[in-house]
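Working notes for the structure below.
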Amino acid sequence: MNNYQNGHLAEYMAMWFLRFRGYRLLFQNYRCGRGTHAGEVDLIMLKKKTVVFIEVKQRQTLEKAAYAVLPPQKKRIRRAAEAFLSRHPQYMDYGIRFDAVLVSLPFKIVHLPNAF
43 MNNYQNGHLA EYMAMWFLRF RGYRLLFQNY RCGRGTHAGE VDLIMLKKKT
93 VVFIEVKQRQ TLEKAAYAVL PPQKKRIRRA AEAFLSRHPQ YMDYGIRFDA
143 VLVSLPFKIV HLPNAF
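Sequential numbering of the sequence shown, starting at 43, is according to my numbering.
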């Protein structure tokens, strides 16, 4: 498999990993419109009354994946979260959280709540 396919597999694995832990999927690969300077959020999930914005990183090792979420990307994800909440006001009273899910193939997954 190429990197693109590995990335999609990692997102799929992360989504099911979290669903089995009580998270509900709201959006996958959520993209903001042009001109927002925001990027894409891999997963937006709901856990009780918290909207969780999740970045999934897949690398050869979990350690490499942990260092793959860079500050500019965190900033874009935060902007995307703001755009999401402005477009979906039903979640404005919910808590928000930014998590990371690290994936090392085959089948090592680590969930980091409040990662950034």
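Idealized CB from N, CA, C, for every residue including glycine.
Item                                                                                                                                                   : Value
If you draw a straight line from the C-alpha of N71 to the C-alpha of D135, how long is it?                                                            : 23 Å
Pull the bridge partners of K117 from the DSSP assignment, please.                                                                                     : DSSP, once it has assigned bridges, lists no residue as partnering K117.
Among residues of its own chain, excluding the 5 on either side of P113, which ones have a beta-carbon nearer than 6 Å to its beta-carbon?             : none
Could you tell me the alpha carbon to alpha carbon distance between A122 and V83, rounded to whole angstroms?                                          : 7 Å
Quick one: what does DSSP say M87 is sitting in, helix, strand or coil?                                                                                : strand
How about Y133 and V94: are their beta carbons less than 7 Å apart?                                                                                    : no
Going by CA-CA distance only, name the one from Q115, M87, A142 that's closest to G64.                                                                 : M87
Is the separation between the beta-carbon of V145 and that of Q115 shorter than 7 Å?                                                                   : no
Can you name, in chain order, every residue of its own chain whose Cβ lies under 6 Å from the Cβ of A142, other than the five neighbours on each side? : E97, V111, L154, A157
Counting only the same chain and skipping the five closest in sequence on each side, list residues whose C-beta sits under 7 Å from that of R57.       : Reading off the sequence shown, one finds Met at residue 57, where the question assumed Arg. Answer for M57: L67, Q70, L85, listed in chain order.
What residues match up with E82 in a beta bridge as DSSP calls it?                                                                                     : R73
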